[in-house]
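**Q**
Residue numbers (my numbering), protein chains in the order written: chain Y, 1 to 646; chain F, 1001 to 1646.
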């Protein structure tokens, strides 16, 4: 990855190719002014390229002389290789904050391919495979049936035992064998531990052998098209889950499913989204969707129920009983997914109502089933799912964090879409923010990661106290009394995309604290239940879309995650999709997912007294028990000193 | 069974209740005149009841005085209990033949229930069962999924392991559990050796638990409705296979299947016949056909292919390769059979192209898989299927006998339907016949058993020689020169139902000899192949509709069956349906059928030199090698003496 060195601050950061300099500066905690969110309209985030080059978009905010002298707008300058950059004084909002605990590599989300290297080697054995088989022609001395002959050939050439036949395949067999001069392409379903022949066609041509891996999220659905012969991903795409219009979260989806025709509609909507993505990917790859071997689907328990057309009603009410934890393989057409007659669909198992196949897939993708080391797996969302363990044991829980992490229940909260403020830095002295929005669009709201950044920054800057209240004595242009008590102006009407101020209220802060307290309490209960200290955790795996621009120091300062050495954290992005990919490719991986689901001990927190205690204790910033956050406390003490110094 | 004693002849015979006295006399080889076939129109078969009573229909052929004196028409007098009968001189055609080898019990077909007693005890375990299951309700301390809870209950209460679910059943489960207050009726499919839940409904009401067993013959289809709870047969019915219009035999069916849309039509026709019978039986039993658990179907390999919709084309041509020997269990609706969504259909396996599931079912029904004794199983038909072996080994062959046994290729041949002459006795001196027709209708033709009786009688009476030619020196009113050489008048135009003579030609005799030679040659090849003598055969099981009025002495005299002590023969009727019933009732029986199909060594006779030799040797009456038939030879010598004496 290219290294960006900020000479003025004597610091550097590794970023992806294509990242812009404003983002790089924010990651490196280099203070730069930016009030438009990174769209190039405020013209404030000027930088000077001193060594190397960047790809800078033309801008009216800089004169020709400035450009000639190496000036660029940080938000419009893309990193293409190592580069050294200076920050001119006019780009500085004020004093430079020093919020990092220590020198550390920045949290870069591992790409799926990088991540695969962490896993043990596996054989590519798709649940459904098409094999070229040469069958011995019969004569009078050996006139065993066509089905017997093919079974023998499958055993000899592919080691498949106990071959059975789907009726359609049996019906096609005599003509296929003779039409292909005793060479046939045979599609075999091994999902039930047997070799079940589901399609036969004449000739030895088995290509293309494609499969689809799917992460069905409550909000969005991500699909990967896989080449089973090579074990590679050909293309990947995502879309909002079309169910979104029938309720934002799983609870509302369950309610919608309970209405007349609701279940069928939700089933159809999710299947249509998956189908649309799959067809698009097939079209891009020039593949015939009728040749898809399988869909391997990972989703939370409610999403999986809905997609399989099973009413999830009882998940919602005590004692929270799912209809199923394992879901049968079915013909893709049964779910309304595109494919041929032999295309199957399967789901990773869901251990409990609030612990789904997405988490099982994620735990597999994180390599925990092969790891000797104590690992904490955290998927942060409306439901925070937390798993602790190693290859020998796993405990898990799910805690309802509420919708704050997804921008829900926040006055100007929004999903992670264009114009959402997703990165925030706050000047300690002036409380002036530097913001970056998704796609650099004008700020229209704040998403989860922006919210965490903002609250953490304001807390570390002394503008929010341990109880989550704004410090009235810091009021000014940015922090002010509003309709609902104090509020903080993230983007003024002049800079925003809505024509109105984008603000953060005290209620927003309180909602975020509730959310982070739930996650932290869940982690506490798991560690306590098995009698380990957080210090013993060798690796913390952060799953989910979160983490792209999430700053670990800040997240820890909020008290969302335990204060563990930063080197032990790893971000693996959409681990659900990664796990689904693995399960689509390999029988060993499918077996591992089943084993993971079975070995997970699920702790039901809804009636857990330990959890309630831990939750109440975590309702402070960072926590009631300050001894758990020594480095954050040291930062806070440092800030107090600085304030006193000012 | 009632005993009929013929006082004039000092002999007796056991017959079924309802049998008429003419039939009883023919079975007992008591000579009685009857030229109308048993319809009461010729009025010749008068008898006098001396002890006991019979149920005699009124007739104009007897005066009131005669009736008062105990006279009855034999063909119109039904046996209701033990009875002693005298034959008045006017009913005698001539001298009494003495054709029996020895005193012996007459061949009475074993009823299915009688036969079951020969088999080892078995547990009734239908392939598909509906079980009443009480499931533990969940609470917060145990909130495992509905599917897991039911699986636990199925294991605890019914010993079922590895429970899997059909998607429809899973979809129905949550509501069924709660609707039935945690009591459900669960339909479980165990056909693949696993416990697969295919339907769930609320409440503990599992009745009715019904299944259907089917024998799909080329000519007719017989269906039994079974009560799975009791293991009993509720009702049974048969009909012509509606495929008959598309070809008389399997070869013509295969040809029809090869025509455009032919396979689909034949599939549908057979399914419609089965469905019609099943619906009729359900209606009679007051059962809802949607509650049928399964259809268990036994048929020859071609019939099974056609019913499963698999093209049997390659069975017809060398090297005679069937598409399949095992047929997957499918939803009954897939085959177009009536039932509910959980009704399955399965077939007994077919070991080879010319050795079907009907024979496998028959071998199981005959008890051979449990027998230490060397057993010969013979199913006589267009294709004679022969199995030799015991519980440890089985060899089998199939020989094409041609259609003679079913009346095909015979000038006045016909199927076993009303008016078919099925029993014939011939007076040695006058060659006058006594005939009995099916349903006592006026004679219109001759069926297989009548043909065998006629040829055997004429051979033993010296009217047919060892080469199958009529003895011209015996010509008279009955044996005469016809258009196609000599012919024998079975029924004259005056007595027949057609208004023309019903005759037997020399070509007819030749066709029967070809047919019997094929069967005998098959038996010879099997015994030679394993190096045993026919004398070592401890039991001969005769399967099929044949045997009702078939006289073993006469069949042996033809050289159709080897000359073995008559006590060793057993007739078991429709052993295919009996085997299907067993397979429908019990998993052990299904496993046994599978084992039988796998252990059978099939000898392909079409290119077998031994067979050709044996066939040519068997083209005489009874055989070229007279040493094989010492008792028949003794009879023939006795007849010569008698002739000389006359």
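Even for Gly, the Cβ is constructed at its ideal location relative to N, Cα and C. None of the values given here were measured: they were computed from a predicted structure.
How is residue 158 of chain Y classed by DSSP in three states: helix, strand or coil?
**A** Residue 158 of chain Y falls in the helix class under three-state DSSP.
**Q** What's the C-alpha gap between residue 1626 of chain F and residue 1633 of chain F?
**A** Cα-Cα distance, rounded: 7 Å.
**Q** Can you give, in chain order, each stretch of the alpha helix (DSSP H) that sits fully within the segment 509 to 582 of chain Y and has at least 4 residues?
**A** Correct list: 552 to 558.
**Q** One question on the structure: do residue 421 of chain Y and residue 502 of chain Y come within less than 8 Å of each other, judged by their Cβ atoms?
**A** Contact flag set, yes.
**Q** Find the nearest neighbour of residue 1573 of chain F within the set F:1542, F:1349 and F:1557, judged by alpha-carbon distance.
**A** Per the Cα distances, F:1542.
**Q** Is there at least one Cβ from chain Y nearer than 8 Å to residue 1145 of chain F's Cβ?
**A** Answer yes: the Cβ-Cβ gap between residue 1145 of chain F and chain Y drops below 8 Å somewhere.
**Q** Please classify residue 1382 of chain F: is it buried, with 16 or more other beta-carbons within 10 angstroms of its beta-carbon, or exposed?
**A** Buried, since its Cβ has 16 or more Cβ neighbours within 10 Å.
**Q** Please list the partners that residue 348 of chain Y has in chain F, where partner means a Cβ-to-Cβ separation under 8 Å.
**A** Residues of chain F passing the Cβ test: none, with the nearest at roughly 15 Å.
**Q** Please name the residue, chosen from Y:17, Y:89 and Y:26, that lies closest to residue 8 of chain Y on a Cα-to-Cα basis.
**A** When each option's Cα is compared against that of residue 8 of chain Y, the closest is Y:89.
**Q** Taking the CB atoms as reference points, tell me whether residue 1126 of chain F and residue 1371 of chain F lie closer together than 8 Å.
**A** Going by C-beta atoms, residue 1126 of chain F is not nearer than 8 Å to residue 1371 of chain F.
**Q** Could you name the residues of the same chain whose beta carbon sits closer than 6 Å to that of residue 1275 of chain F, not counting the 5 residues immediately before and after it, in chain order?
**A** Closer than 6 Å at Cβ, skipping near neighbours: 1337 and 1338.
**Q** Check whether the Cβ atoms of residue 49 of chain Y and residue 28 of chain Y lie closer than 8 Å to each other.
**A** No, they are not a contact pair.
**Q** Counting only beta-carbon separations shorter than 8 Å, does residue 310 of chain Y have a partner in chain F?
**A** So, interface residue.
**Q** With 16 other CB atoms within 10 Å as the buried threshold, where does residue 261 of chain Y fall?
**A** Exposed.
**Q** Could you work out which residue in Y:301, Y:188, Y:566 and Y:392 is closest to residue 322 of chain Y when comparing CA atoms only?
**A** Among Y:301, Y:188, Y:566 and Y:392, the Cα nearest to that of residue 322 of chain Y is on Y:301.
**Q** Can you name the residues of chain Y whose CB is closer than 7 Å to the CB of residue 1323 of chain F?
**A** Residues of chain Y passing the Cβ test: 145, 146, 147, 170, 173 and 174.
**Q** Got a sec? Which residues, its chain only, sit under 8 Å from residue 226 of chain Y by beta carbon, not counting five neighbours each side?
**A** So the qualifying residues of the chain are 210, 211, 212, 213, 232, 233, 234, 581, 584 and 585.
**Q** What separation, rounded to the nearest whole angstrom, lies between the Cα atoms of residue 1629 of chain F and residue 1450 of chain F?
**A** Cα-Cα distance, rounded: 22 Å.
**Q** Which class does residue 1645 of chain F belong to by DSSP, given the choice of helix, strand or coil?
**A** In this prediction, residue 1645 of chain F has a pLDDT of 46, which is less than 50 and means its spatial position is unreliable; what the coordinates show is noted afterwards. Three-state DSSP puts residue 1645 of chain F in a helix.
**Q** Run down chain F in chain order and give the residues with a C-beta less than 7 Å from the C-beta of residue 307 of chain Y.
**A** The contacting residues do not exist; residue 307 of chain Y stays about 11 Å from chain F at best.
**Q** Would residue 105 of chain Y count as contacting chain F if we go by Cβ distances under 8 Å?
**A** Because the pLDDT at residue 105 of chain Y is just 44, under 50, the model does not fix this residue reliably, and the value given afterwards should be weighed accordingly. Closer than 8 Å: no.
**Q** Residues in the same chain with beta-carbon distance under 8 Å from residue 535 of chain Y, minus the five sequence neighbours each way, listed in chain order, please.
**A** Closer than 8 Å at Cβ, skipping near neighbours: 564.
**Q** Strictly under 8 Å for the Cβ-Cβ distance: is residue 606 of chain Y near chain F by that measure?
**A** Yes, residue 606 of chain Y lies at the interface with chain F (some Cβ there is under 8 Å from its Cβ).
**Q** Which runs of the alpha helix (DSSP H) spanning at least 4 residues fall entirely within the segment 1165 to 1215 of chain F, listed in chain order?
**A** Listed in chain order, they are 1167 to 1179.
**Q** Alpha carbon to alpha carbon, how far is residue 1079 of chain F from residue 1480 of chain F? Give it in angstroms, no decimals.
**A** The alpha-carbon atoms of residue 1480 of chain F and residue 1079 of chain F are separated by roughly 37 Å.
**Q** Return the chain-ordered ranges of every beta strand (DSSP E) run that is complete within the segment 1368 to 1397 of chain F and spans a minimum of 3 residues.
**A** Counting whole runs of 3 or more residues, the segment 1368 to 1397 of chain F contains the beta strand (DSSP E) stretches 1375 to 1379 and 1383 to 1389.
**Q** Taking only three categories from DSSP, how would you classify residue 600 of chain Y?
**A** Note: residue 600 of chain Y maps to strand in three-state DSSP.
**Q** For the putative contact between residue 526 of chain Y and residue 460 of chain Y, defined by C-beta atoms under 8 Å, what is the C-beta separation to the nearest angstrom?
**A** Residue 526 of chain Y to residue 460 of chain Y, Cβ: 28 Å. No contact.
**Q** Could you confirm whether any beta carbon from chain Y is found closer than 8 Å to the beta carbon of residue 1165 of chain F?
**A** Cβ-Cβ to chain Y under 8 Å: yes for residue 1165 of chain F.
**Q** Hey, would you say residue 74 of chain Y sits closer than 8 Å to residue 20 of chain Y, going by beta carbons?
**A** Cβ atoms of residue 74 of chain Y and residue 20 of chain Y: closer than 8 Å.
**Q** Would you be able to state if there are at least three C-beta pairs under 8 Å between the segment 1435 to 1447 of chain F and the segment 1406 to 1413 of chain F?
**A** Judged by Cβ distances under 8 Å, the segment 1406 to 1413 of chain F makes contact with the segment 1435 to 1447 of chain F, as three or more pairs qualify.
**Q** Is DSSP giving residue 352 of chain Y helix, strand or coil here?
**A** Residue 352 of chain Y: strand per DSSP, three-state reduction.
**Q** My output table needs one value for residue 1433 of chain F: the three-state DSSP class, helix, strand or coil.
**A** It is a strand residue.
**Q** Assign residue 1311 of chain F to one of two classes, buried (16 or more other C-beta atoms within 10 Å of its C-beta) or exposed (fewer than that).
**A** Buried: at least 16 other Cβ atoms inside 10 Å.
**Q** Starting from the Cα of residue 397 of chain Y, find the closest Cα among Y:359, Y:286, Y:263 and Y:482 and give me that residue.
**A** Of the candidates Y:359, Y:286, Y:263 and Y:482, the one whose C-alpha sits nearest the C-alpha of residue 397 of chain Y is Y:359.
**Q** Let me know the secondary structure DSSP gives residue 1098 of chain F once reduced to three states.
**A** Unreliable positioning characterises residue 1098 of chain F in this predicted model, as indicated by a pLDDT of 48, which lies under 50. A coordinate reading is not provided.
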